[in-house]
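Enquirer:
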Amino acid sequence: MKRVLYITIIALIGVTFSANAGMKLKLRSDLSNEHTATFGNHNLKSNMQLKLPAEFAPSGRMELIKGLFLIGLMLDVTFPLGDDFTSFAGTGFSGHAFVAYMVARSIMLTLSAGYIKFGDKDFGSEGEGFSQTWSHSQIPILLGLNYLFNMKGALRAYLGLALGLFILRDSYKYTIFDQTDEQSESSSKFGIVPRVGLIYMTAAIILSLEVTYSLIFHEAEGEGSSNLAHLGILFGIMFALGN
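Just add 804 to wherever you are in the sequence shown, counting from 1, and you've got our numbering.
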C-alpha cells in the first residue's frame, strides 16, 4: 500500500513539473511573438509617418518644368487706341490658339495665331442719301517669350514680349441713294506686343489673365496719322501635353 502511495506521489510531482515547464515555454513564446509584432508595427508606423522634403512632397498641382509642352486658348476684349484708329474701329473681341514650350522653369516660348474683329463704324445718314460702314479685323501670328517669376503657391506672374505678322483687313460699304458698293483690302504688317500676366496652376489645367499692348507699324490714313495700337485683356486656359 505504501508502495502504491509513493508511486502516486512521484507521478503527481512529475505531472506538476511538466505543466509548469509547458506554461513557462508558452509564456516566453507569447512574449516573443508580442515583442516581434510590436516591433513590426512600430517600424510600419514609423515608415508611414516618414516626412519627405518639401521639394519632393506632392503639391496637388501642375508644375512648369523644363521640356513641358502646353496648348491653350485665349479670349479677349480689345480696345483700339489713338484718334485715328478709333475713328474707324470700335471695341473688338478676339480668340487665339497657342502652343507653348518650357525652355526652362522660368522661360516659356509661345507661338500663337488669332482673329480680332473690331466694332464697325458708321458714317453719314441714309436719310441724307449717303452712308458708309467701315469694318476692320486683324489676324495676328506671333512668336513670343515669357519670363515667369518664382512665387510661392499656385500663382505666378510673368513679363513677356511677342513679335510677328499682323494681317489687316478693311471693308467699306458705301450707300449713295439706292446704289450700294462694297470694297475690301488686305495688307500684312509687322508688329510687337509687350505683355504682362498671371497664371494659376491647378492639378489638371492652368488659368491665365494677360494684358497686352499691340503696336502695329502701319500708317492709318489721314493727316497726322500714327501707327495702329490697341490694348487687349485676355483670359485663357492651358493644358499640358504628356507628363
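We put the CB at the ideal spot given by N, CA and C, even for glycine.
1. What residue range does the alpha helix (DSSP H) around T890 cover?
2. Tell me the start and end of each unbroken beta strand (DSSP E) in the region 875-926 that is at least 3 residues and wholly inside, in chain order.
3. Which runs of the alpha helix (DSSP H), 4 residues or longer, sit entirely within the region 932-957?
4. Looking at C-beta atoms only, is the number of pairs between the region 995-1009 and the region 972-986 that lie closer than 8 Å three or more?
5. Find the nearest neighbour of Y1004 within the set F953, F873, G871, V907, judged by alpha-carbon distance.
6. Please work out which residues of its chain come closer than 6 Å, Cβ to Cβ, to D985, disregarding the five sequence neighbours upstream and downstream, and give them in chain order.
7. Since L1002 contacts L959 with CB under 8 Å, what's their CB separation in whole angstroms?
8. Sorted by chain position, which residues of the same chain lie with C-beta nearer than 7 Å to L946's C-beta, five sequence neighbours on each side aside?
Expert: Well, looking at it:
1. 887-890
2. 894-908, 911-923
3. none
4. no
5. F953
6. Y978
7. Between L959 and L1002 the Cβ distance is about 6 Å, and since that is below 8 Å, they are a contact.
8. S916, A966, L967, G968, V997
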